[in-house]
Every structure is written in C-alpha cells, then in structure tokens.
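Chemist: My questions will all concern the structure given below.
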Amino acid sequence: MSLTFIHRTAGIDQDVEIGDGTKIWRFTHISKGVVIGKDCIIGEGVFIGKDVKIGDGCKIQNGSQIFSGVTLGNFVFIGPNVTFTNILRPRANIEQKGYVETYIKDGVTIGAGAVIICGNDIGKKAFIAAGTVVTKPVYNFGVMRGNPGKIVGRITEDDLKIRYY
Amino acid sequence: MSLTFIHRTAGIDQDVEIGDGTKIWRFTHISKGVVIGKDCIIGEGVFIGKDVKIGDGCKIQNGSQIFSGVTLGNFVFIGPNVTFTNILRPRANIEQKGYVETYIKDGVTIGAGAVIICGNDIGKKAFIAAGTVVTKPVYNFGVMRGNPGKIVGRITEDDLKIRYY
Amino acid sequence: MSLTFIHRTAGIDQDVEIGDGTKIWRFTHISKGVVIGKDCIIGEGVFIGKDVKIGDGCKIQNGSQIFSGVTLGNFVFIGPNVTFTNILRPRANIEQKGYVETYIKDGVTIGAGAVIICGNDIGKKAFIAAGTVVTKPVYNFGVMRGNPGKIVGRITEDDLKIRYY
C-alpha cells in the first residue's frame, strides 16, 4: 500500500474519499462528497466541486477547475489550466437548478488550457489538444483540436500516435 | 441584512469596500481601493486589481483575473479562468502609464476560459461563450464566440436562449 | 542593490537562486533548482517547475504555469493565465522520460491566456497575442495570433507597434 499525501495548504472538505497513493498538492480544494481513486496526482491550485467522482490513476495538473456534474474514469490526464463548466447558459441573476453532466471516459487526455462545455462526453482514450474548446461530444479514440473543436484524427493502437484524417 | 463572508486565506487590502451579503472564497486577493457591491460571490484564486469597481449581484468564478481598468456592472457573471487585460502592447522592458479601460455592462455573461482584450466594452446582457477571445466591442444582447470572437446571434427576451443569425 | 521580496505564502524550494530586486507574490511556488535573474516580477498563483531558467527583468503575471523544460531569456513578458506544456502526448498511464524543451528569447511578449505547445521556440521580441495557441515556432519579431496560431505581422523598430502582412 502506498501512502496518501495531502499538502498542508490543501483544503479537504467533509465526506471526501481519497484512495491509497493519491497525492494532493498545495492550494487545492476538494469539496464535500468527492470520491478520488488510487494513485492519482492532483496538482496545485486545483478545484474539485461537490460530489465529483474521479477514478484510479488520474493526473490533474495545476490550475484546473472541475465542477460538480463532471465524472472522470480511470487514467484520465487533465492538463494545466483546463476548465470545465456545468451550466449551459449561466446568468448571475437567474438561479438554475441542477447541472449538465459530463463524462470523461477511461484513458482520455485533455490538453493544457482546454475548455469543456458541459454535456459533451469524451470517449475512451480520446485526445483533446491543448487550447481546444470542446463544444461537441468526442467518440472513443477521437482527436479534437481548435476553437470550436473539430475532430482531426484518431489515436492509434499504442495510445500515443495520431493518424490524421 | 445578509452577512458578508471572507475566507481566512483571502487577502483584502486597505480601503476596500465590500457590500452586505458578499462572499469571498479561499486564496483570493482583493487589491487596494476595490469597491464590491451587495450579494456578490467571488470564487477561489481570483485576483481583483486596484480600484476595480464591481456592482451588485455579480458572480466571479475560480481563477479569474480582473485587473485595474475593468469595471463590472450589476449581475455580471464571470466564468472560471477568465482573463482580462489592461495594456494593449505589454513589454517587460517598457514602462507604460495608465490602463486601457473596459466596461462590462449589467447582466453580461462571460463564459469559462474567455480572454477579454482591454478596451472592448461588452453591452448589456451580452453573452460571451466559453473560450472566446474578445477582440472587438460587443453590443447589447450580442452573442459572441470563437477566436477571434465573432457575433453569431442575439440573446432573446428571457435572457437565456440564443437566436442565431 | 534593490531588495528581493518574497510573499510569506509563496513556496520556495531548495537550491533556488533569485536575483536582486526580484519580487515573488502570494500563492506562488518556485520549484527546486530554478534560477531567476534580477528585477523580475513573478505574480500570484504562478507555478515554476524544476530547473527552469528565467533571465533578468522578466514579468510573469498571475496564474501562469511554467514547467520544467522551459527557458525564458531577459525581459520576457508572460501574461496572466498563460500555460506552457512539456510533453507532446501526455497519457496518465504512460510514464514519459524527459521533457520537450522550449526557448523563449529576449524581449518576447506572450499575451493573456495563451497556450504554448512544447518544442516551439519563440524568437527575439516576438509578440504572441492574447488567447493564441502556439503550435509552430515563431521567428524573431514575429506576431502570432489565433487557434492554431498564425503569423499575421511583424513588430516594428520601437517594439510596440505591429506591421500587419
């Protein structure tokens, strides 16, 4: 069993479950009801909203914002300064009930600075390039880039190379 | 009268005015001379620069950067990781006097991860989609998206739906 | 000799060198082996990865993420919420050795919210507009904007104006 580490400046709310070997770094806030699997790395200045579920072996880089309604599978990579959303038409003066849910499947990579509009699930091992604005769902192994994001290729069998269309 | 809340890790500089019922969350810094209205929510890791004025009922999400020269009206929604600027041609070796001002009117929504180039005012109830880079002013009720941002529609009467052009 | 300032909430790891007159602000983390020159300003909530080298007179704004493998020359301006990367195909389940290096030459400006894909060097005094996603190298004095970033002009002799192509 590997040890869990939580930096002294991190804020961990009540009723949070954190798996063995997971590390949580400075100035990060894990909200009530969050469940995080084993052997994850949660970087610095990250926010994880209420009741978010995160699988095993995920890596979430500094400055990323993961709000209620988002679910991450196993071995998901979230780059730095990635931003999720959970309301389609936010307005400061209109109270909106519930969240639009977003599922990020096993093995997905979301590159640095990407923005994920809620309700757009991202399929198994898909690769979202840095700076992409995801406005549509992404199928398994799909490669998306641009603003708005467009599918430009497919991840090959070794999980690392891209075959462009 | 509702209570004002300031998280113990937030930094509030001198000569700041904060209205009743406003909440300021962790690791946020409010600079000298800032005026914030009533019933606002300022999220985590937010920076508000010197002398910024913020109206009533605004919601500013985590990680957003609002620099001197920006003014927010009432009921403005600023999504997470939104970035303002206040100099058009920043250079590390050239000292530039003064800021280019930017006015965000009542009821505006600025989506997650958007970047607002200074000097581009955003009109009443306009809706800036997540990930937009705003390089031109936006008129009242306008809907902008993309990089560079383009006007693609108009907000309808209920403030929530978009009529696309 | 001007004084060095380090905010009490900043975290400075071992074996860091910080030049005279450099200021480091709140919630910023400087990792082991980093070398920072004279008269720099490192803003709030910034992360500087292991062994990064930063020249003299640089300004790094709030929320920017500068990872191992990045080198900044002298008088480099990094806007707020700028994100660098250091692996081309990150995957949570695949351990990747070494980093792809990125050199940012003297006098470069990188605008707010830009994302720099690793391995794309940026030439002397080049200007990267706010919100740009840099996917190709940029030559000296080049002006890039968009997603993906395209060269649209050239910086003129005074370092501040742009001649568009």
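Residue numbers (numbering that gives the first Met the number 0), protein chains in the order written: chain R, 0 to 164; chain V, 0 to 164; chain L, 0 to 164.
No residue lacks a Cβ here, since even glycine has one placed at the ideal position from N, Cα and C.
Judging by CA-CA distance, which residue of 116/V, 118/V, 97/V, 122/V is the nearest neighbour of residue 216/V?
Modeler: No statement about residue 216/V is possible, as the shown extent of chain V runs from 0 to 164 and does not include it.
Chemist: Using DSSP bridges, identify the partner residues of residue 71/L.
Modeler: As a first step, residue 71/L is located in the third sequence; it is residue number 72 there, counting from the start. DSSP, once it has assigned bridges, lists 53/L, 103/L as partnering residue 71/L.
Chemist: Going along the stretch 122-137 of chain L in order, which residues come within less than 8 angstroms of chain R, judged by CB to CB distance?
Modeler: Correct list: 132.
Chemist: Where do the ends of the beta strand (DSSP E) carrying residue 151/L lie?
Modeler: Against the third sequence, residue 151/L aligns to sequence position 152. First-last of the beta strand (DSSP E) with residue 151/L: 149-154.
Chemist: Any chance the stretch 10-21 of chain L sits against the stretch 154-164 of chain V, with 3 or more Cβ pairs inside 8 angstroms?
Modeler: In short, these stretches do not touch, since the Cβ pair count stays below three.
Chemist: I'd like to know if residue 7/L contacts chain R, where contact means its C-beta is closer than 9 angstroms to some C-beta of that chain.
Modeler: Translated into the one-based positions of the third sequence, residue 7/L becomes position 8. So, not an interface residue.
Chemist: Of all the residues that make up the stretch 45-79 of chain L, which are near chain V by a beta-carbon distance shorter than 8 angstroms?
Modeler: The residues in question are 56, 57, 58, 60, 61, 62, 74, 75, 76, 78, 79.
Chemist: Return the bridge partner residues of residue 84/L from the DSSP annotation.
Modeler: Walking along the third sequence from the start, residue 84/L turns up at place 85. Per DSSP, none; premise fails for residue 84/L.
Chemist: For residue 25/V, return the contacting residues in chain R, with the cut-off set at a CB-CB distance below 9 angstroms.
Modeler: Numbered from 1 along the second sequence, position 26 holds the residue referred to as residue 25/V. In chain order: 10, 26, 28.
Chemist: Measure from the alpha carbon of residue 125/V to the alpha carbon of each residue in 6/V, 20/V, 143/V, 25/V, then state which is nearest.
Modeler: Position 126 of the second sequence, counted from the first residue, corresponds to residue 125/V. With distances taken between Cα atoms, residue 125/V lies closest to 143/V.
Chemist: Would you report the Cα separation of residue 24/R and residue 138/V, rounded to the nearest angstrom?
Modeler: Your numbering for residue 24/R matches position 25 in the first sequence. Your numbering for residue 138/V matches position 139 in the second sequence. Their Cα atoms are separated by approximately 42 angstroms.
Chemist: DSSP beta-bridge partners for residue 108/R?
Modeler: For the purposes of this step, residue 108/R is identified with residue 109 of the first sequence, where counting begins at 1. Paired residue(s): 76/R, 126/R.
Chemist: Examine the Cβ distances between the stretch 53-68 of chain L and the stretch 27-43 of chain L and report whether three or more of them are shorter than 8 angstroms.
Modeler: Yes, since at least three Cβ pairs between the stretch 53-68 of chain L and the stretch 27-43 of chain L fall closer than 8 angstroms, the two stretches touch.
Chemist: Residue 90/V versus chain B: which residues are under 8 angstroms apart at the beta carbon?
Modeler: Structure shown: chain B not included; protein chains present are R, V and L.
Chemist: Going by DSSP, what residues sit across from residue 141/V in a beta bridge?
Modeler: Taking the second sequence and counting its residues from 1, one reaches residue 141/V at position 142. According to DSSP, residue 141/V bridges with 153/V.
Chemist: Since residue 162/V sits in a beta bridge, which residues does DSSP pair it with?
Modeler: Residue mapping note: residue 162/V aligns to position 163 of the second sequence, counting from 1. Answer by DSSP bridge pairing, in chain order: 153/V.
Chemist: Buried or exposed, going by whether 16 or more other CB atoms sit within 10 Å of the CB of residue 104/R?
Modeler: The residue given as residue 104/R occupies position 105 in the first sequence. The residue in question, residue 104/R, is buried, as its Cβ has 16 or more Cβ neighbours within 10 Å.
Chemist: Taking C-alpha atoms, which residue in 31/L, 111/L, 22/L, 19/L lies nearest to residue 133/V?
Modeler: Reading the second sequence from its first residue, position 134 is the one you call residue 133/V. Minimum Cα distance to residue 133/V is reached at 111/L.
Chemist: Closer than 7 angstroms by beta-carbon distance: list the chain V residues that pair up with residue 20/L, in chain order.
Modeler: Here residue 20/L is taken as the residue at index 21 of the third sequence, counted from 1. Those within 7 angstroms of residue 20/L in chain V number zero; the least Cβ separation is about 14 angstroms.
Chemist: Give me the subset of the stretch 136-150 of chain R whose CB atoms are less than 7 angstroms from a CB atom of chain L, sorted by chain position.
Modeler: Answer in chain order: 145, 146.
Chemist: Under 9 angstroms between C-beta atoms, does residue 152/L make it to chain V?
Modeler: Within the third sequence, the letter at position 153 stands for residue 152/L. So no, residue 152/L is outside the interface.
Chemist: Can you tell me which of 107/R, 109/R, 155/R, 86/R puts its alpha carbon nearest to the alpha carbon of residue 129/V?
Modeler: Your numbering for residue 129/V matches position 130 in the second sequence. When only C-alpha atoms are compared, the closest one is 86/R.
Chemist: In whole angstroms, give me the CA-to-CA distance for residue 102/V and residue 108/V.
Modeler: As a first step, residue 102/V must be located in the second sequence, where it is residue number 103. As a first step, residue 108/V must be located in the second sequence, where it is residue number 109. If you take the alpha carbons of residue 102/V and residue 108/V, they lie about 13 angstroms apart.
Chemist: When we look at the beta-carbon of residue 84/L and count the other beta-carbons within 10 Å, is it buried (16 or more) or exposed?
Modeler: Along the third sequence, read from residue 1 onward, the residue named residue 84/L stands at position 85. Residue 84/L should be labelled buried.
Chemist: Between residue 27/L and residue 48/L, which are expected to be in contact by the criterion C-beta below 8 angstroms, what is the C-beta distance as a whole number of angstroms?
Modeler: Taking the third sequence and counting its residues from 1, one reaches residue 27/L at position 28. Taking the third sequence and counting its residues from 1, one reaches residue 48/L at position 49. Not quite, the Cβ-Cβ distance comes to about 12 angstroms (not below 8 angstroms), so this is no contact.
Chemist: Check whether the Cβ of residue 101/R lies closer than 9 angstroms to any Cβ atom in chain V.
Modeler: Here residue 101/R refers to the residue found at position 102 of the first sequence. Closer than 9 angstroms: no.
Chemist: What does the Cβ neighbour count give for residue 63/L, buried or exposed, with the cut at 16 atoms within 10 Å?
Modeler: By one-based count along the third sequence, residue 63/L stands at place 64. Classification for residue 63/L: buried.
Chemist: Given residue 4/V, which residues of its chain have a CB within under 6 angstroms of its CB, disregarding the five upstream and five downstream residues?
Modeler: Taking the first residue of the second sequence as position 1, residue 4/V is located at position 5. Contacts found: 22.
Chemist: Helix, strand or coil: how does DSSP classify residue 28/R here?
Modeler: Residue 28/R sits at position 29 when you count from the first residue of the first sequence. The answer is strand: DSSP assigns residue 28/R an E or B state.
Chemist: If you measure between the beta carbons of residue 69/V and residue 117/V, is that distance less than 9 angstroms?
Modeler: Locating residue 69/V in the second sequence gives position 70, where the first residue counts as 1. Locating residue 117/V in the second sequence gives position 118, where the first residue counts as 1. It is a contact, given that the beta carbons lie within the stated cut-off.
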